[in-house]
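Count along the sequence shown starting at 1, add 199, and that's the number in this note's numbering.
Backbone N, C-alpha and C fix where the C-beta goes; we use that ideal spot for every residue, glycine too.
None of the values given here were measured: they were computed from a predicted structure.
Here's the structure, in structure tokens; my notes come after.
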Amino acid sequence: MASTPTFDPANQPLLAALAANWWLILLRGIAGVLFAILAFMWPGITALSLTFLWGAYALVDGVASLWAAITGGGAGSRGWLLLVGLLGIAAGIISFVWPVGTAGILLLFIAAWAIATGVLQIWGAVRLRKEIEGEWLLILSGLVSIILGIVLMAQPAAGILAAVWMIALFALIFGIDHILLAFKLRGYRT
């Protein structure tokens, strides 16, 4: 029988913040999986519809990250969550406020967001590597984000259908990864 992992929240503030808000990481994962399912169900989705669908996903992800940053850990452990949250909220709002313009540059917009999110996830995982086993899940998610961003920037005109499938696959991997990470973090609650 596996025992519940123990840790010292005073000496592991980032892990403490993530463990306290494990359900927000779960919410981010569920949002990613739902986005992926919708994108896979609508492979012929229009650019404008994709803009709104992605905007909703970015908002949910951003709000969850921002909430985790506000409610947990010390200032140093919250900075990356705060940045991811603000980027997600900004991306979501821009998608809703300026949908036609966003649709025109959506792939580059998603690419930039994916690269920034990936870098911040890897940075967070490096900070956690001595505090938690399985930080590779966050590194994997970060690497997938960066790869998606680079591919989308390198081939923005590859076609909306190919982009929808790539983005859906990314969201599915991201979502599953975050769901697994959330349940792992739940075991670290104090």
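Span of the alpha helix (DSSP H), counted from its first residue to its last, around residue i
{"i": "P242", "result": "Counting along the chain, P242 falls outside any alpha helix (DSSP H), and DSSP gives it neither H nor E."}
{"i": "G271", "result": "Careful: G271 lies outside any alpha helix (DSSP H) and carries neither H nor E."}
{"i": "I349", "result": "335-353"}
Closest by C-alpha distance to residue i, when choosing among the options
{"i": "I309", "options": "T250, W222, E330", "result": "T250"}
{"i": "Y256", "options": "L384, W279, F373, G386", "result": "F373"}
{"i": "M240", "options": "E332, I293, G386, I366", "result": "I366"}
{"i": "L281", "options": "F382, A219, L319", "result": "L319"}
{"i": "N220", "options": "A324, S248, A230, G271", "result": "G271"}
{"i": "G317", "options": "W364, A218, V343", "result": "V343"}
{"i": "S340", "options": "A216, G231, L217, L237", "result": "G231"}
{"i": "I321", "options": "L233, V283, L371, P242", "result": "V283"}
{"i": "L217", "options": "V350, G323, M352", "result": "G323"}
{"i": "I236", "options": "V363, L379, L226", "result": "V363"}
{"i": "V262", "options": "P242, L233, L226", "result": "L226"}
Alpha carbon of residue i to alpha carbon of residue j, nearest angstrom
{"i": "L286", "j": "V259", "result": "12 Å"}
{"i": "I224", "j": "A289", "result": "19 Å"}
{"i": "M200", "j": "V296", "result": "In this prediction, M200 scores a pLDDT of 45, lower than 50, which makes its location untrustworthy; no coordinate-derived value is stated."}
{"i": "S264", "j": "G278", "result": "10 Å"}
{"i": "R385", "j": "A311", "result": "31 Å"}
{"i": "L252", "j": "T301", "result": "12 Å"}
{"i": "Q354", "j": "E330", "result": "38 Å"}
{"i": "I304", "j": "I292", "result": "15 Å"}
Helix, strand or coil at residue i according to DSSP, with G and I counted as helix
{"i": "W221", "result": "helix"}
{"i": "Q211", "result": "coil"}
{"i": "R388", "result": "coil"}
{"i": "R328", "result": "coil"}
{"i": "W297", "result": "coil"}
Nearest-angstrom beta carbon gap, residue j and residue i [assumed within contact, 8 Å]
{"i": "L213", "j": "L327", "result": "6 Å"}
{"i": "F382", "j": "L347", "result": "Not a contact, Cβ separation roughly 24 Å."}
{"i": "I338", "j": "I314", "result": "Actually they do not touch by this definition, with Cβ atoms about 15 Å apart."}
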